[in-house]
Structure formats: C-alpha cells, structure tokens
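Trainee: Sharing a structure here in structure tokens format.
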Amino acid sequence: MKKEYYEKIIEELIKLIDEGVYIVDNRGVGRFYNDVMASLEKVNVEDVLGKKFHDAFPDMRKNDSTMLKALLKAEPTVGQQQSYKNFYGKEITTVNSTVPIVVDGETVAAIEVAKDITNIRKMSDTLLELQKSKEKPAENKSLIKRYTFDDIFGENAEFKIALNRARKAADNNASVFIYGETGTGKELFAQSIHYCGKRKDKPFLAQNCAAIPESLLEGILFGTSKGSFTGAVDREGLFEQANGGTLLLDEISAMPYDLQSKLLRVLQEDYIRRVGGMKDIPINVRIIATVNEPPEELIAQGKLRKDLFYRLNVVNIQIPALRERRDDIPRLAEKFLEKYNARFEKEIWMLSDSVVKKLQEYSYPGNVRELENIIEQAVSMGENEHVLTEKNLAMPTVSRKSRPMEIEYTGEFALDKYMGEIETKIIRDALLETGGNISKAAEILQIKRQTLQHKLKKYKLTVG
Numbered sequence: 000m001k002k003e004y005y006e007k008i009i010e011e012l013i014k015l016i017d018e019g020v021y022i023v024d025n026r027g028v029g030r031f032y033n034d035v036m037a038s039l040e041k042v043n044v045e046d047v048l049g050k051k052f053h054d055a056f057p058d059m060r061k062n063d064s065t066m067l068k069a070l071l072k073a074e075p076t077v078g079q080q081q082s083y084k085n086f087y088g089k090e091i092t093t094v095n096s097t098v099p100i101v102v103d104g105e106t107v108a109a110i111e112v113a114k115d116i117t118n119i120r121k122m123s124d125t126l127l128e129l130q131k132s133k134e135k136p137a138e139n140k141s142l143i144k145r146y147t148f149d150d151i152f153g154e155n156a157e158f159k160i161a162l163n164r165a166r167k168a169a170d171n172n173a174s175v176f177i178y179g180e181t182g183t184g185k186e187l188f189a190q191s192i193h194y195c196g197k198r199k200d201k202p203f204l205a206q207n208c209a210a211i212p213e214s215l216l217e218g219i220l221f222g223t224s225k226g227s228f229t230g231a232v233d234r235e236g237l238f239e240q241a242n243g244g245t246l247l248l249d250e251i252s253a254m255p256y257d258l259q260s261k262l263l264r265v266l267q268e269d270y271i272r273r274v275g276g277m278k279d280i281p282i283n284v285r286i287i288a289t290v291n292e293p294p295e296e297l298i299a300q301g302k303l304r305k306d307l308f309y310r311l312n313v314v315n316i317q318i319p320a321l322r323e324r325r326d327d328i329p330r331l332a333e334k335f336l337e338k339y340n341a342r343f344e345k346e347i348w349m350l351s352d353s354v355v356k357k358l359q360e361y362s363y364p365g366n367v368r369e370l371e372n373i374i375e376q377a378v379s380m381g382e383n384e385h386v387l388t389e390k391n392l393a394m395p396t397v398s399r400k401s402r403p404m405e406i407e408y409t410g411e412f413a414l415d416k417y418m419g420e421i422e423t424k425i426i427r428d429a430l431l432e433t434g435g436n437i438s439k440a441a442e443i444l445q446i447k448r449q450t451l452q453h454k455l456k457k458y459k460l461t462v463g
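Have a look at this one:
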C-alpha cells in the first residue's frame, strides 16, 4: 500500500475520534490536526497544519508542553492537565496524553490526544473561592445554615442510639463515619457534631466527592502549587482552609481509589502536600465521612478502601431509614407543618387522622427529605382550613412494590434487550411519579443523579 494511502486512512480515523488529536513531525511541524482539537483550542485547522509548534502556540514553554516533552525527550505523558494560550491569546485548559513515535532509536513524530476541561477548571476555581468564603468563623456567618442537635428530632430507639453516639462524638476529636440512606440527615448530624464540639469556632467545610470530576478533586482537597502546570497558582485546598476545624467528605466512596490512598496517608501523618508541591504542610483537621450504601458492600465492590474505612470508622454512626422509624413520622410531619405554615403564611395547624395514617404507610425512599417535601407541597397548595386533609396531600401514586412482568417467549430470548426494557419502564415510572424531576427520581431509584442521567441518555428517554 502506498504511503499516501496510509496517510489518508490516518486522516479519516482522526476525523472520527471524539477527542482532539494533534500530530507533529520531528521538526515540530503540524502534520495532522482534527476538527475537535481545533474547536477546543479555539483556532482554525489551517492555523496549525504545516506550521511549527512554537508558531502556532507561542505562549507554550519547553518545560510545560507535553508535546515538546515527547518530541525532545521521547517522554510519554498520560492524563496531564495543561493550561496555555492559543495563537489568539485565548487561555485553554486541557488534559493531555502524549506519546513519542520512535523508530530505530530516533523520535520521528509525536501524537497528542487532548480533552478540553477549560470550563471545568473555571468551575473548580469558582468552587474553591466559594468554599473559602463559605465558612469563616468571624465573617460570613449568614452564608451557611448551621445545625445543632436542637434541630434533630427522633424518639425511635434505633435513632436515639445514633443520636447519642453523635453527641458523644462531639466531645472528642476522633474521625467519624456516618452511614445512612439518601435523605436521612447525614450532614445534619455532621454539622451538629462540629457546632456542639470543641471545634465549633473553627471552620466547617463540606465536599460531596461525587459532585466533582475525578481529575479535579485532588486539587480541590489538597490545593495546588505554582508551577505544577501552566497557569497554576499557589492555592489552598479544603484541608488547609478547614485547618483547626472539620472537613465533611460526603459520598466518600465516589473518591478515586488512588486518592483514597492519599487521604489515608494524611490521616496517618497529619500533613498534606499540594498538587505539584514539594513542601509538607501540617494540618489539624477532623474528618467526618459519609456514605449512603452499607460500607461492607462498598468495600466488597472495590469502591471503598478497607484500610481507609478502618481509619475513619473510629466513631461509627448508622442513621436508620425513615421506614424503620415510622413512630417518628407524625411528630416530624408536625414540625414541617409549623415550618411551612410560617414560610407560606398559612394557618393549617393540624394533620387529619387519615393523613397521619397515609403518611405512616408510605415507604419513603427519599427518607426525611421526602417527607418534608410532601408536607411542603401540601401546605403550599392547601387552603386555610386549619386541618390538613387527604385532598391536600400529593402522595406518590406509582406503586413501587415488586410485581410480576409478563414475558412473551418466542423461542429466542435476548436477556440484555429484555433487561433494558424493564429498566426503561422502571425509570419512566419514577419520572412519572416525580413529574420529571431527575433528582427526586434518582432518590426513588436509589441511584446517583449522574447515573440516572447516563441511563436517560442510554435509553434515549426524554424528560418533560
């Protein structure tokens, strides 16, 4: 096959790839450059093809460029974050994987595959600034709702065990591990432990580990050091911002496994090192970690390191689901009734017996958060009749009880197709029940919101 045929094949393949691809020869001249790369670097393909690397990207320095490192030192790079300016001065942040092409000991070309994370980088910078201003003891007190044990109610025996353990935890500085389903009040417990304890005048910061892209979480937690990548600045992470206080790591099982290992080292040695930094920074931070699935299952699934769990599980608190403490439902409903009467300026002072019965019969996959939402809806739509009746109660109507599904067997049976149909129907039912609210549907299905969004895309389901 002639050389030009190979080049044509490579060119067409590059067009099909969803990520940016840039190939230079041994002189640094651009030979292949796909439309995706042009889009993420905010240039035209013609601005790069046939031009030397330095002419296309004059801002890029030798020591910072993954492409030049591959070309000049024959060093491959995988998954490195890189910030730089394009030919027009536009700043871009990408995650790059770059490999040299070596023939007979000589580097003849370099290939770079890149993913644009400019917007994610900006989001993380904004998030860090918000986190930094969110909780400073003597300053922005109005920016965060502070909960204490006075805000927690429950007379159920199992719930009181959890509450008593939390009260004892407030008296010391040990790490705390809280397990409870979505909506059971894990952050309520965490804040109460902090604000009723010895660290109450120090910062309380919270980070949901599932809400941040894995590639950014390390920098958010540990901070960054100037020079770790182009455009990087010396910036405190959450550990430094929370120094002397408490850091809540929500959904810690969503943290990448290798980052869990780094967290374990921090807990053992009481110091952190910023991303790209060489200096060990001593810290004094209490860690409270939460999960919404049984920890033993998360460990078995490889989502939670066993050694990290043991290190965090000094104080173990298990918050029972609302369906396991039905005796608390009437009083909780009354408290929410008082709250939303005041908010909506209503005068609905009582729950009818039939409403109480109906509330106690429901299973609450969303737990206390779902009960509060039901009462909020009822009060907001109710009339000032002093008694909340069933006509005001918008209880979920789709039954979640297991029911048999008919299978039409025709001699052939595609299990994957059938399971997909079942999953599609269940998702549609949940969306119907919640009026198309993805977050609430995810709670009903007991999966993460991101997982549900992925399944909506997978099955081509629309909301609304």
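Per numbering that gives the first Met the number 0: the sequence shown = residues 0 to 463. Here a beta-carbon is modelled for each residue, glycine too, at the ideal position from N, C-alpha and C. These figures come from a predicted structure and were not determined experimentally.
Only counting runs of 3 or more residues, tell me where the beta strand (DSSP E) segments fall wholly within the segment 197 to 276, in order along the chain.
Mentor: Runs of the beta strand (DSSP E) inside the segment 197 to 276: 203 to 207 and 245 to 249.
Trainee: In the DSSP assignment, the alpha helix (DSSP H) including Arg-164 goes from what residue to what residue?
Mentor: The count along the sequence shown starts at 1 and reaches residue 164 at position 165. Per DSSP, Arg-164 belongs to the alpha helix (DSSP H) from 156 to 169.
Trainee: DSSP puts Leu-350 in a beta bridge; with which residues?
Mentor: Stepping through the sequence shown from its first residue, residue 350 is reached at position 351. Paired residue(s): Leu-387.
Trainee: Rounded to the nearest angstrom, what separates Leu-48 and Val-42 at their Cα positions?
Mentor: Numbered from 1 along the sequence shown, position 49 holds the residue referred to as residue 48. Numbered from 1 along the sequence shown, position 43 holds the residue referred to as residue 42. Approximately 11 angstroms between the Cα atoms of the pair.
Trainee: From His-453 to Val-462, what distance separates their C-alpha atoms?
Mentor: Taking the first residue of the sequence shown as position 1, residue 453 is located at position 454. Taking the first residue of the sequence shown as position 1, residue 462 is located at position 463. Straight-line Cα distance between these residues: approximately 13 angstroms.
Trainee: Run through DSSP, which three-state label would Thr-65 get?
Mentor: Indexing the sequence shown from 1 puts residue 65 at position 66. Here Thr-65 sits in helix by DSSP.
Trainee: How would you call Pro-255, buried or exposed, if buried means at least 16 neighbouring beta carbons within 10 angstroms?
Mentor: As a working mapping, residue 255 is identified with position 256 in the sequence shown. Exposed: under 16 other Cβ atoms inside 10 Å.
Trainee: What does DSSP give as the partner residue(s) for Ile-91 in the beta ladder?
Mentor: Along the sequence shown, one-based indexing puts residue 91 at 92. DSSP, once it has assigned bridges, lists Tyr-83 as partnering Ile-91.
Trainee: For the beta strand (DSSP E) containing Thr-289, list its first residue and its last residue.
Mentor: Position 290 of the sequence shown holds residue 289. 285 to 290 is the span of the beta strand (DSSP E), which, as asked, contains Thr-289.
Trainee: Is the CB-CB distance between Leu-444 and Ile-421 below 9 angstroms?
Mentor: The residue given as residue 444 occupies position 445 in the sequence shown. The residue given as residue 421 occupies position 422 in the sequence shown. Not in contact: Leu-444 and Ile-421 (Cβ atoms no closer than 9 angstroms).
Trainee: Here's a check: name, in chain order, each residue in its chain whose Cβ is nearer than 6 angstroms to the Cβ of Lys-201, leaving out the five neighbours to either side.
Mentor: Counting from one through the sequence shown, the residue named residue 201 turns up at place 202. The residues are Gly-243 and Gly-244.
Trainee: Please determine, among Gln-300, Ser-353 and Ile-287, the residue with the shortest C-alpha to C-alpha distance to Arg-198.
Mentor: The count along the sequence shown starts at 1 and reaches residue 198 at position 199. Nearest C-alpha to Arg-198: Ile-287.
Trainee: Please determine if the segment 322 to 333 and the segment 212 to 222 are in contact, where contact requires at least 3 C-beta pairs separated by less than 8 angstroms.
Mentor: Not touching, per the Cβ criterion.
Trainee: From Lys-114 to Ser-82, what distance separates their C-alpha atoms?
Mentor: Looking up residue 114 in the sequence shown gives position 115. Looking up residue 82 in the sequence shown gives position 83. Rounded to whole angstroms, Lys-114 to Ser-82 spans 12 angstroms at the Cα level.
Trainee: Does the count of Cβ pairs from the segment 267 to 284 and the segment 161 to 171 closer than 8 angstroms reach three?
Mentor: The answer is no - the segment 161 to 171 does not touch the segment 267 to 284, with fewer than three Cβ pairs under 8 angstroms.
Trainee: Quick one: using the 10 Å Cβ neighbour count with 16 as the cut-off for buried, is Gln-206 buried or exposed?
Mentor: Along the sequence shown, one-based indexing puts residue 206 at 207. Buried is the call here.
Trainee: State the DSSP-derived secondary structure class of Val-44, mapped to helix, strand or coil.
Mentor: For this step, residue 44 is matched to residue 45 along the sequence shown. Three-state result, Val-44: helix.
Trainee: Go ahead and label Gln-130 buried or exposed: buried means 16 or more other beta carbons lie within 10 angstroms of its beta carbon, across all protein chains shown.
Mentor: What you label residue 130 is simply residue 131 of the sequence shown in a count that begins at 1. Model confidence at Gln-130 stands at a pLDDT of 49, short of 50, so the residue's coordinates are unreliable; what they give is reported in the following sentence. Gln-130 comes out buried.
Trainee: Hey, quick one: how far does the alpha helix (DSSP H) through Arg-60 stretch, first residue to last?
Mentor: The sequence position of residue 60 within the sequence shown is 61, counting from 1. Element bounds for Arg-60: n/a, residue is neither H nor E.
Trainee: Sorted by chain position, which residues of the same chain lie with C-beta nearer than 8 angstroms to Asp-150's C-beta, five sequence neighbours on each side aside?
Mentor: Mapped onto the sequence shown, residue 150 falls at position 151. Leu-187 and Ser-191, listed in sequence order.
Trainee: Thr-106 lies in the beta strand (DSSP E); which residues open and close that run?
Mentor: Taking the first residue of the sequence shown as 1, we reach residue 106 at position 107. Run containing Thr-106: 105 to 115, per the beta strand (DSSP E) assignment.
Trainee: With a CB to CB cut of under 6 angstroms and the five nearest residues on each side skipped, what residues in its chain are close to Gln-79?
Mentor: Residue numbering aside, residue 79 sits at position 80 when the sequence shown is read from its first letter. So the list reads Thr-65 and Asn-95, once near-sequence residues are dropped.
Trainee: Quick one: what does DSSP say Ser-174 is sitting in, helix, strand or coil?
Mentor: Mapped onto the sequence shown, residue 174 falls at position 175. Here Ser-174 sits in coil by DSSP.
Trainee: Grab the span of the alpha helix (DSSP H) containing Val-35 for me, first residue to last.
Mentor: One-based indexing of the sequence shown puts residue 35 at position 36. Where Val-35 is concerned, the enclosing alpha helix (DSSP H) stretches over 34 to 39.
Trainee: By how many angstroms is the C-alpha of Asn-340 removed from the C-alpha of Glu-346?
Mentor: Position 347 of the sequence shown, counted from the start, is the residue given in the question as residue 346. Position 341 of the sequence shown, counted from the start, is the residue given in the question as residue 340. Distance between the alpha carbons of Glu-346 and Asn-340: 6 angstroms.
Trainee: Using the C-alpha atoms, what's the distance from Leu-321 back to Gln-359?
Mentor: Here the question's residue 359 lines up with position 360 in the sequence shown. Here the question's residue 321 lines up with position 322 in the sequence shown. Distance between the alpha carbons of Gln-359 and Leu-321 is about 10 angstroms.
Trainee: Sort Glu-45, Gly-27 and Arg-26 by Cα distance to Asn-33 and report the nearest one.
Mentor: Looking up residue 33 in the sequence shown gives position 34. Selected option, being the one with the closest Cα: Glu-45.
Trainee: Classify Ser-438: buried if its beta carbon has 16 or more other beta carbons within 10 angstroms, exposed otherwise.
Mentor: Translated into positions along the sequence shown, residue 438 becomes position 439. When all chains shown are included, Ser-438 counts as exposed.
Trainee: Confirm, please, whether the CB-CB distance from Ser-174 to Asn-312 is below 9 angstroms.
Mentor: Translated into positions along the sequence shown, residue 312 becomes position 313. Translated into positions along the sequence shown, residue 174 becomes position 175. In this structure, Ser-174 lies closer than 9 angstroms to Asn-312 by Cβ.
Trainee: Given this structure, state the Cα-to-Cα distance separating Leu-70 from Arg-60, to the nearest angstrom.
Mentor: Looking up residue 70 in the sequence shown gives position 71. Looking up residue 60 in the sequence shown gives position 61. Their backbone Cα atoms lie some 13 angstroms apart in a straight line.
Trainee: Cα separation between Leu-431 and Ala-440?
Mentor: Translated into the one-based positions of the sequence shown, residue 431 becomes position 432. Translated into the one-based positions of the sequence shown, residue 440 becomes position 441. Cα-Cα distance, rounded: 9 angstroms.
Trainee: Taking C-beta to C-beta, are Pro-515 and Asn-155 nearer than 9 angstroms?
Mentor: Here the chain comprises residues numbered 0 to 463, so residue 515 is not present and cannot be evaluated.
Trainee: Which class does Asp-326 belong to by DSSP, given the choice of helix, strand or coil?
Mentor: On the sequence shown, residue 326 is found 327 positions in, with the first residue counted as 1. Looking at Asp-326 - three-state DSSP - the assignment turns out to be helix.
Trainee: Is it buried or exposed, Leu-12, if we count other Cβ atoms within 10 angstroms and call 16 or more buried?
Mentor: Here residue 12 refers to the residue found at position 13 of the sequence shown. Leu-12 is exposed by the Cβ-count criterion.
Trainee: Mind checking which residues open and close the beta strand (DSSP E) that includes Ile-16?
Mentor: Taking the first residue of the sequence shown as 1, we reach residue 16 at position 17. Note, Ile-16: premise wrong, no beta strand (DSSP E); not H, not E.
Trainee: Out of curiosity, what's the CA-to-CA distance linking Lys-357 and Glu-344?
Mentor: Taking the first residue of the sequence shown as 1, we reach residue 357 at position 358. Taking the first residue of the sequence shown as 1, we reach residue 344 at position 345. Their backbone Cα atoms lie some 25 angstroms apart in a straight line.
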